[in-house]
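Take a look at the structure set out below.
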Amino acid sequence: MSRHIPEETVEAVRKELDIVDVISEYVDLKKQGRNFSGLCPFHGEKTPSFSVSQEKQLYHCFGCGAGGNVVTFVMEYEGLSFPEAVQQLAGKTSVEIPEEAVLKEDEEENPRSSWYKGHELAAKLYHHLLLESPEGKRAREYLRARGFTRKMIETFQIGFAPESWNFLTDFLRKRGFEPDDMAEAGLLARKGDDGRPFDRFRGRIMFPIWDKRGKVIAFGGRVLDEGSPKYLNSPESDVFNKGRLLYHFHGARPSIRRKNEAVLFEGYVDVISAYRAGIEHGTGSLGTALSQEQARMIRRNADKVILCFDGDNAGRQASWKNADILQAAGLEVAVAMLPQGMDPDDYIQHHGPERFAETIVGRPLTMMEFKSAFLKESKNMDMEADQLKYVEEMLKEIAALPKAIEQDHYLRQLQEEFSLSYDVLKQELGEKIKNTVKARTKQKKAAIQTESQQHAGRRLMTADERAESDLISFMMHSQDAAAFVEERVGASFQQETFQALAALLYSYYAAGNESDPAAFISSVEDPGLKKEAAALAMKQVHQDLPEQVLEDYADQILHRAPIKRRIEELQDLMKRTSDVEELKQYINQLVELKSKLHS
1 MSRHIPEETV EAVRKELDIV DVISEYVDLK KQGRNFSGLC PFHGEKTPSF
51 SVSQEKQLYH CFGCGAGGNV VTFVMEYEGL SFPEAVQQLA GKTSVEIPEE
101 AVLKEDEEEN PRSSWYKGHE LAAKLYHHLL LESPEGKRAR EYLRARGFTR
151 KMIETFQIGF APESWNFLTD FLRKRGFEPD DMAEAGLLAR KGDDGRPFDR
201 FRGRIMFPIW DKRGKVIAFG GRVLDEGSPK YLNSPESDVF NKGRLLYHFH
251 GARPSIRRKN EAVLFEGYVD VISAYRAGIE HGTGSLGTAL SQEQARMIRR
301 NADKVILCFD GDNAGRQASW KNADILQAAG LEVAVAMLPQ GMDPDDYIQH
351 HGPERFAETI VGRPLTMMEF KSAFLKESKN MDMEADQLKY VEEMLKEIAA
401 LPKAIEQDHY LRQLQEEFSL SYDVLKQELG EKIKNTVKAR TKQKKAAIQT
451 ESQQHAGRRL MTADERAESD LISFMMHSQD AAAFVEERVG ASFQQETFQA
501 LAALLYSYYA AGNESDPAAF ISSVEDPGLK KEAAALAMKQ VHQDLPEQVL
551 EDYADQILHR APIKRRIEEL QDLMKRTSDV EELKQYINQL VELKSKLHS
């Protein structure tokens, strides 16, 4: 990899930061002995296996194996390239990085750079056609009728794809883009037996979809006339994964952070319409069920989220389901409840943007208020049977509340609304709480058992592998140890991973670097080796080891390990032979080798 950001600049950024401070912005860390621990942000878990060393400026997850330094963490967590992560972290320090260095490095490192360029060019073309061309006139008139101002169109880079099978295909081909490559990127589609590429979007209003960095990676297209489907999205690809993105999140993030609150909509049209109503901290889920990763994206930037989904039964159910995911991520959740049958865009068209901002988003329901309203909608509350069913369902929800004062508040509401005995309600609630606790305990035990099985499923190291891994760990912490190992062991490591790490360490010190595990890990390019190095660097080692200890490890690798392997080979041969003379030879060799091993 060609490093256009100088290594000394990267090190300057890293050394001005404390990895605990940076990771604490994303993960709730608690002091535990010499390190800090928390729930791993890279995989789901119930018991903390994520460890951060302030002393070594490293992190490692003993569950999934993720590990590295502060730059690696930001790269993995934010989905950024190396230069982007360094640039983002530099913003927290006094170090300045020339923008041209970042752009040059990012362009060379990204194997899908043509996809990004193709999408960016297509977005500009569609946007120009909407605003300036005769072909875009009907689309302009439609958007104006829907209340879309020029500022909204420009902010969200809305465009128009003409009714043509090859307009974009020819446009991109003339500019050096291979149609097959653009079809793989999702910009074009294929038809016929020969799979010839053609324009995927035709006669549609185009909404660019951006990644976390603000780069166009996909499109959503709305049909102008009657047609099916009404909305057409780009297919998922190597750069476009709907479960890992939120619509216009990059644009809304500053406002989300400033307000400490996000408004989550179902799709891009709702986000844009809400922007007209002054809701600049709105983002959308692209019409898919919310993922844990999307919930964590919001949680990293705000403490509260308001759900504003369609006012039909499907929208209500989606609000309930997604609220559970968001609350599990640590967010306070409220619901902006729309009238039955309306979506945000409909409401704004009928009642105006000011009323939407003031009475819908501005006065959201608490989760218990929302659940109460939703449970009542499906019942005839004049009938006694439905009233009892509603009380039963509400008691179940009240039992799940974490605080006794909340439980008491909603219990008294039920008492007053239905003239019921508080003592009877309290007794019923007690039974529900017991069941809730039992269910949670069972889930927790199952989660712990699953994690234990995952840990147990990992193969334990042999003594020889342990010797090699310990030597690598010593080498990362001590240049003297590395020099000794290079002289005595050289390339004789038996495990490929340790052999590769040893070679990288020899080169690292030969380049004049000092012993610094975090700096060494930053120089490792292979993701697998980087994780392994981070795990080994987190081990507690004595930096000033007696030479005899290192000699013992070297002897284990150079002499004892080969003998053990030969003994295993002979034992296997003995099981498979029926020749007496051959067996005697194997036994004699075995006795001799075991004697060598013990001596």
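If you're matching positions, the sequence shown starts at 1 in UniProt numbering and goes up one per residue.
Virtual Cβ for every residue (Gly too), placed ideally from N, Cα, C.
Computed from a predicted model, the values in this text were never measured in an experiment.
query                                                                                                                                     : result
Opposing strand residues paired with GLU332 [DSSP bridges]                                                                                : LYS304
Residue burial classification, MET383 (beta-carbon count within 10 angstroms, cutoff 16)                                                  : exposed
Where the beta strand (DSSP E) containing TYR59 begins and where it ends                                                                  : 58-61
C-beta atoms of HIS250 and LYS304 nearer than 8 angstroms                                                                                 : no
Member of ARG466, LYS376, ASN513 and ARG300 whose CA lies at the smallest distance from the CA of ASN313                                  : LYS376
Spatial distance of LEU505 from GLU487 (CA atoms)                                                                                         : 13 angstroms
Beta-carbon proximity check, ILE298 vs HIS281, cutoff 8 angstroms                                                                         : no
Contacting residues, own chain, Cβ-Cβ under 8 angstroms from GLU261 (five flanking each side not counted)                                 : HIS281, ALA302, ASP303, LYS304, VAL305 and ILE306
Contacts around LEU429, its chain only, beta-carbon distance under 7 angstroms, and the 5 residues preceding and following it disregarded : LEU395, ILE398, ALA399, GLN407 and LEU411
Alpha-carbon spacing of PRO517 relative to HIS477, whole angstroms                                                                        : 6 angstroms
DSSP three-state assignment for LYS191, whether helix, strand or coil                                                                     : strand
Exposure of VAL580, with buried meaning 16 or more beta-carbon neighbours within 10 Å                                                     : exposed
Length of the line joining the Cα atoms of SER523 and PRO6                                                                                : 12 angstroms
Separation of SER372 from GLN317, as counted between CA atoms                                                                             : 13 angstroms
8 angstroms Cβ cutoff met for ARG14 and VAL71                                                                                             : yes
Selection from PHE240, TYR275 and LYS575 that minimises the alpha carbon distance to GLU354                                               : TYR275
Whole-angstrom distance between GLU76 and THR359, CA atom to CA atom                                                                      : 40 angstroms
Reduced DSSP secondary structure (H/G/I, E/B, other) of LEU246                                                                            : coil
Rounded straight-line distance, which links the Cα of GLY159 to that of GLU16                                                             : 44 angstroms
Beta-carbon separation (whole angstroms), GLU465 vs GLN495, contact threshold 8 angstroms                                                 : 6 angstroms
Cβ shell of PHE62 (< 6 angstroms), same chain only, five flanking positions each side left out                                            : SER49
CB of ALA357 within 8 angstroms of CB of ILE279, strictly                                                                                 : yes
VAL361, buried or exposed, once every other Cβ within 10 Å from all chains shown has been counted against 16                              : buried
Start-to-end residues for the alpha helix (DSSP H) that takes in PHE73                                                                    : 70-78
PHE73 beta carbon less than 8 angstroms from that of TYR59                                                                                : yes
TRP115 - partner residues in DSSP beta bridges                                                                                            : TRP115 is not bridged to any residue.
Cα-Cα separation, GLN32 to GLY38                                                                                                          : 10 angstroms
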